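A short worksheet on the structure shown next.
Number of protein chains: 2
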Amino acid sequence: MRNALGRELPDYIDGFGDLHAYGQLTVASLPDKTALPIPSADDNCSKLVPDLRTALKICSVRDGATLSFHHHLRNGDHVMNMVLQEAARMGLRDLRIAPSSIFPVHEPLVRLIEAGVVRTIHTGYVSGPVADSITRGLLAGPAILQTHGGRARAIEAGELPIDVAFIAAPTADDYGNINGVSGPNACGTLGYAMVDARFAKRVVAVTDNLVSYPACPVDITQEWVDLVVKVESIGEASRIVSGTTRITDDFVGLAIAATAAKVIEAAGFIENGFSFQTGAGGISLAVAGFVKNAMQRKGVTGSFASGGVTAQIVEMLEQGLFQTVFDVQCFDLRAVGSYRANRAHQAMSASMYASPAQRGAVVNRLDAMILGAAEVDMQFNVNVTTTANGRLIGGSGGHSDTAAGSKLAIVTTRLTAGTHAKIVESVSTVTTPGASIDVVVTEAGVAVNPLRAELAGRLSAAGIALVPIARLYDLAREASVAGQILKPRDSSTRVVALQQYRDGSIIDVIRAIR
Amino acid sequence: MRNALGRELPDYIDGFGDLHAYGQLTVASLPDKTALPIPSADDNCSKLVPDLRTALKICSVRDGATLSFHHHLRNGDHVMNMVLQEAARMGLRDLRIAPSSIFPVHEPLVRLIEAGVVRTIHTGYVSGPVADSITRGLLAGPAILQTHGGRARAIEAGELPIDVAFIAAPTADDYGNINGVSGPNACGTLGYAMVDARFAKRVVAVTDNLVSYPACPVDITQEWVDLVVKVESIGEASRIVSGTTRITDDFVGLAIAATAAKVIEAAGFIENGFSFQTGAGGISLAVAGFVKNAMQRKGVTGSFASGGVTAQIVEMLEQGLFQTVFDVQCFDLRAVGSYRANRAHQAMSASMYASPAQRGAVVNRLDAMILGAAEVDMQFNVNVTTTANGRLIGGSGGHSDTAAGSKLAIVTTRLTAGTHAKIVESVSTVTTPGASIDVVVTEAGVAVNPLRAELAGRLSAAGIALVPIARLYDLAREASVAGQILKPRDSSTRVVALQQYRDGSIIDVIRAIR
């Protein structure tokens with residue numbers, strides 16, 4: 001045969017097969033073996049479309065479609081509300097939504113659930129009115145609560161196929177290059193969105209800071225993004241990142257934090273190469289302060305700090321206490337600025353952070369992890385999903401992932417919160433299995449998981465007084481108001497949410513409360 | 001049912017389906033929907049294996065397997081030779097190899113082809129003894145010559161499934177984080193390897209600079225890498241990057257370059273937002289110099305420069321002539337240093353660079369591209385694959401991709417090389433179709449593709465004298481030694497290589513010469 005240029009070609013060649021002659025193929029006609037999307041840019045090489053409605057139409061969003069969102073704008077996010085309200089106006093129904101987290105700002109979602117626009121929710125964390133509506137049984141089926149790593153795994157494994165990922169983009173150009181470090185709603189890294197961008201069938205960037213091509217730096221690159229929509233505002237900056245994160249100044253909290261830092265040192269981890277993660281709560285931040293002191297005293301250089309990143313961690317990086325920071329999400333403006341300026345402050349995707357199915361997550365290399373708890377029980381199981389009486393207030397986020405991956409997972413908690421015990425016989429909801437938890441640190445003593453006898457020996461040798469978890473349970477019960485110990489709920493009540501473990505299995509269920 | 005923690009769960013929930021109880025799943029047992037590899041790290045969280053043989057065994061490499069390599073170490077690369085020689089010692093046969101390019105240093109491959117260890121080659125560029133052996137018909141089947149963007153497309157689309165990607169890693173840690181900016185064989189960005197790392201079933205990092213975890217910065221992250229092998233040397237630094245790339249100082253070459261720069265300006269591209277790519281050849285570099293002058297004279301700030309990057313481009317970035325550089329491969333030490341230090345000098349994957357099947361490659365946004373040619377013909381078709389008499393000497397690399405994507409694709413060439421004409425009636429091999437070529441610039445005049453009448457008008461209006469391509473052909477024929485115009489080869493001769501266009505179609509075939 002001859003191709004379009006008149007070149008003589010064989011029709012078939014041994015060792016190769018049939019030949020496609022030049023001029024006969026178009027890229028769009030390639031076999032769709034990996035669901036690779038067709039190029040969406042028009043001839044002018046712009047992916048800009050005028051509004052969200054146009055984007056939803058071009059992406060062929062139909063009833064029952066799955067839309068994903070990320071939560072780097074946290075309680076200042078406008079994007080999920082805008083997209084879903086537009087979907088409602090278009091008459092779409094029965095949507096499955098997969099935001100990486102849901103905050104009080106997403107309250108309009110409640111009405112969209114009631115109206116049948118949203119049918120199912122998959123998320124890593126949910127608080128506020130949406131959580132309350134789930135607890136009340138508003139969804140037709142159960143909400144699926146995932147861990148951050150489990151969400152990445154489910155997306156990568158094809159368990160949670162996403163039709164369209166909407167990426168709130170603090171900065172974008174008209175060809176889909178995105179960064180989170182510039183613009184009025186700069187939020188820092190975009191670690192959760194990276195997984196959605198890689199695996200969603202269609203990816204739409206929504207930005208209020210459209211810059212000339214190419215956006216620089218680029219955190220999510222153009223070859224993953226189909227469309228770009230410019231909107232007036234993607235969020236409310238003051239609710240996205242706090243100006244500063246505050247260390248606890250309460251005596252009990254500081255005492256718990258100091259003990260947690262001693263546990264890390266006694267366990268032998270404050271050595272060169274030490275790696276560390278902690279949350280943004282008051283006690284967690286205080287632990288970072290005590291760990292910093294210990295590292296400085298011993299002249300130790302750590303390998304990395306990871307996680308959601310705060311000013312405290314940035315300071316440790318800048319003081320040379322860590323070689324690098326792996327950052328899935330910036331918690332404050334100092335972290336945003338550090339990520340913008342310091343090459344040792346690196347973004348990581350949710351998959352790199354915590355997926356159990358990838359070739360190795362950062363959590364697997366973590367020495368010490370500081371965890372919070374709503375409740376801890378006699379088997380060291382931890383609940384960060386519900387209140388003691390079963391009301392949905394959160395979910396794992398990275399809790400189970402970091403607990404499973406780290407060598408030393410420390411829960412720091414007071415014995416009681418308000419009137420009720422936090423150390424209980426059996427947690428109302430298991431978020432993280434006790435097998436992943438090594439130590440519980442309270443103001444009344446330190447309990448080591450009996451599975452970790454060697455660790456208990458080290459701590460005792462270092463002069464840390466250990467108590468059995470049962471003793472903490474007794475103390476907590478004594479310190480709490482009588483009658484606050486709730487009896488197990490009726491298992492015939494309807495299941496309103498499933499707490500998925502990072503591997504996709506169900507570690508517990510959440511039942512309706514009216 | 002009850003799960004492993006004793007929690008009571010329904011077996012089935014409407015809207016969700018059957019529940020997997022916690023404790024019953026292992027991650028490895030997940031359905032392999034996306035061919036997501038199982039985690040390969042051992043319990044110590046190290047992916048280090050003692051040698052290449054062990055890596056080949058763990059990756060279950062069998063006869064007929066496909067192994068990929070990247071060419072950022074160019075003619076200093078030791079990794080492909082080491083891996084294939086180990087495969088030969090293990091008795092493996094009929095391997096398909098997919099290096100992004102092949103250089104003279106890969107001469108040992110000839111004996112491995114003869115011995116039946118290597119059966120097929122897919123590559124973007126091949127020169128030296130391996131190219132000669134292909135021309136002679138040493139391979140059982142045809143070699144597949146791809147464009148850089150076409151190779152990325154084929155890998156992403158599943159047309160070229162890779163069993164194991166070997167990544168020559170100037171720096172790596174024991175968990176597979178890789179960068180190209182440190183170590184004795186620092187080569188800069190790793191753009192070609194990024195695609196292999198994402199899509200290969202198994203990924204092996206081969207390094208001579210093993211650093212403590214985590215390598216920082218990270219160009220290819222740990223979640224894509226299965227194994228790490230430490231070897232004595234991955235390459236010979238002096239052959240990887242040149243200390244400096246040299247601008248031509250020959251009068252004819254400079255005249256051609258000056259004209260090419262004038263064409264860009266006359267076409268109206270030297271304006272704010274201008275984007276530019278050129279190669280590392282002497283004329284191409286000289287064009288960059290003239291373009292720099294024009295940009296400075298007009299006070300223009302360009303958007304980006306792209307491609308394989310040289311000191312000339314780095315200087316333009318540092319002088320503020322471009323906002324950013326997109327770099328798939330560093331051509332000299334200055335580029336390596338710039339990529340290491342300057343956040344505006346960004347890596348891009350081969351897919352982001354040039355794939356026609358992704359959601360939009362960088363080449364699509366390119367204004368002006370300077371291209372070389374072994375031959376150009378009356379239809380503006382360009383040959384960079386073979387000599388005039390059909391001997392394999394290269395291949396497209398990014399030639400066809402940038403020509404197709406850029407708004408202004410300029411071929412710069414002398415009329416003759418040595419004794420033979422370079423402007424010919426019909427190129428011996430079509431690499432890039434004439435439809436993609438806008439202008440041919442020679443020392444004897446400028447020819448505009450008749451398809452681009454509007455462009456011809458602009459150039460004429462700017463005082464650039466245009467000549468028909470037929471006139472350049474006549475002049476080249478007159479200037480060349482009689483008898484150098486070769487007659488078409490016999491189409492019954494065996495096909496030894498296929499020149500694939502970026503969409504996977506066959507644009508030409510290369511036939512055996514003995």
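Heads up: the protein sequence lines correspond to chains A and B, in order.
Heads up: the first sequence begins at 1 in the numbering used here, then just goes up one per residue.
Heads up: the second sequence begins at 1 in the numbering used here, then just goes up one per residue.
Ideal Cβ placement from N, Cα and C applies to all residues, glycine included.
No experiment lies behind these values; they were computed from the predicted model shown.
When the cut-off is 8 Å and only beta carbons count, does tyrosine 518(A) lie next to chain B?
The requested residue 518(A) does not occur in the structure, where chain A is confined to residues 1 to 514.
Could you give the distance in angstroms between the alpha-carbon of leucine 84(B) and the alpha-carbon of serine 101(B)?
15 Å
Could you list which residues in chain A have their beta carbon closer than 8 Å to that of glutamate 223(B), in chain order?
Ordered by position in chain A, the residues that pass the 8 Å Cβ test against glutamate 223(B) are Ser349, Ser351, Met352, Ser355, Gln358, Arg359, Gly360 and Ala361.
Is the Cβ of proline 433(B) closer than 8 Å to any Cβ of chain A?
Under the Cβ criterion of 8 Å, proline 433(B) is counted among the residues facing chain A.
Starting from arginine 202(B), trace the beta strand (DSSP E) in both directions and tell me its first and last residue.
Taken as a continuous stretch (DSSP letters only), the beta strand (DSSP E) holding arginine 202(B) covers 202–207.
Own chain partners of alanine 65(A) with C-beta closer than 8 Å, once the 5 adjacent residues on each side are dropped
Leu92, Leu95, Arg96, Asp163 and Val164
Along the stretch 191–217 of chain B, where does the CB come closer than 7 Å to a CB of chain A? Name the residues.
So the list reads Ser212, Tyr213, Pro214, Cys216 and Pro217, given in the order they occur along the chain.
Excluding the 5 residues preceding and the 5 following arginine 452(A) in the sequence, name in chain order all residues of the same chain whose CB lies nearer than 6 Å to its CB.
Taken in chain order, the residues that qualify are Asp438.
What distance in whole Å lies between the Cβ atoms of valine 228(B) and lysine 47(B), which are believed to be in contact at a cut-off of 8 Å?
5 Å
Would the stretch 329–339 of chain A and the stretch 364–376 of chain A be scored as touching if the rule is three or more Cβ pairs under 8 Å?
no
Relative to the C-alpha of serine 275(B), which residue among Thr147(B), Lys407(B), Ser480(B) and Met90(B) is closest?
Lys407(B)
Does cysteine 187(B) have its Cβ less than 8 Å from a Cβ in chain A?
no
Whose C-beta lies closer than 7 Å to the C-beta of phenylalanine 290(B) among residues of the same chain, with five residues either side of it excluded?
Same-chain partners within the cutoff: Ala257, Ala258 and Ala261.
Looking at chain A, which residues of the stretch 163–189 of chain B have a Cβ within less than 8 Å of any of its Cβ atoms?
Within the stretch 163–189 of chain B, those residues whose Cβ lies closer than 8 Å to any Cβ of chain A are, in chain order, Tyr175 and Gly176.
Cutoff 8 Å: aspartate 219(B) Cβ touching any chain A Cβ:
no
Once the 5 residues before and after glutamine 516(B) are set aside, which same chain residues still bring their CB inside 6 Å of it?
This structure gives no information on residue 516(B), because the portion of chain B shown stretches from 1 to 514.
Taking the alpha-carbon positions, what's the valine 561(B) to serine 492(A) distance?
Residue 561(B) lies beyond the stretch modelled for chain B, which goes from 1 to 514, so this question has no answer here.
Span of the alpha helix (DSSP H), counted from its first residue to its last, around proline 129(A)
Judged by DSSP secondary structure, proline 129(A) falls within the alpha helix (DSSP H) whose first and last residues are 129–135.
How many Å lie between aspartate 367(A) and aspartate 249(A) at the Cα?
26 Å
Who are tyrosine 12(B)'s beta bridge partners in DSSP?
Asp18(B)
Pick out whichever of Leu145(A), Thr442(A) and Phe304(A) has its Cα sitting closest to the Cα of tyrosine 125(A).
Leu145(A)
What separation, rounded to the nearest whole angstrom, lies between the Cα atoms of alanine 476(A) and isoleucine 469(A)?
10 Å
Closer than 8 Å to chain A by CB, threonine 135(B):
no
Chain B beta carbons: is any one of them nearer than 8 Å to that of valine 496(A)?
no
Buried or exposed: where does arginine 297(B) fall if 16 or more other Cβ atoms within 10 Å of its Cβ makes it buried?
So arginine 297(B) ends up on the exposed side.
In angstroms with no decimal places, state the Cα-to-Cα distance between isoleucine 178(B) and alanine 444(B).
48 Å
If you drop the 5 nearest sequence neighbours on each side, which residues of the same chain put their C-beta closer than 6 Å to that of isoleucine 155(A)?
Val195 and Phe199
Would you mind sorting threonine 419(B) into buried or exposed? The rule is 16 or more other CB atoms within 10 Å of its CB.
Classification for threonine 419(B): exposed.
Among the residues of its own chain, which have a CB less than 6 Å from the CB of threonine 34(B), if the five just before and after it don't count?
Residue confidence is low: threonine 34(B) scores 40 on pLDDT, short of 50, so the model does not pin down where it sits. Its coordinate-derived value is still stated next. Excluding positions up to five away in sequence, the list is empty.
CB-CB under 6 Å to phenylalanine 69(B), same chain, minus the five flanking residues each way: which ones, in chain order?
Hits under 6 Å: Met80, Pro99 and Phe166.
At what residues does the alpha helix (DSSP H) containing threonine 493(B) begin and finish?
Premise fails: threonine 493(B) is in no alpha helix (DSSP H) and is neither H nor E.
Using a cut-off of 7 Å between C-beta atoms, extract the partners of phenylalanine 304(A) located in chain B.
Pro214
Tell me where the alpha helix (DSSP H) around histidine 148(A) begins and ends.
148–156
Using the Cβ count rule (16 or more neighbours within 10 Å means buried), how would you classify alanine 169(B)?
buried
Just the chain A side, please: which residues come within less than 9 Å of alanine 140(B) by C-beta, in chain order?
Asp14 and Gly15
Assuming arginine 471(A) contacts threonine 147(A) (C-beta within less than 8 Å), just tell me the rounded distance between them.
Not confirmed; about 30 Å, so no contact.
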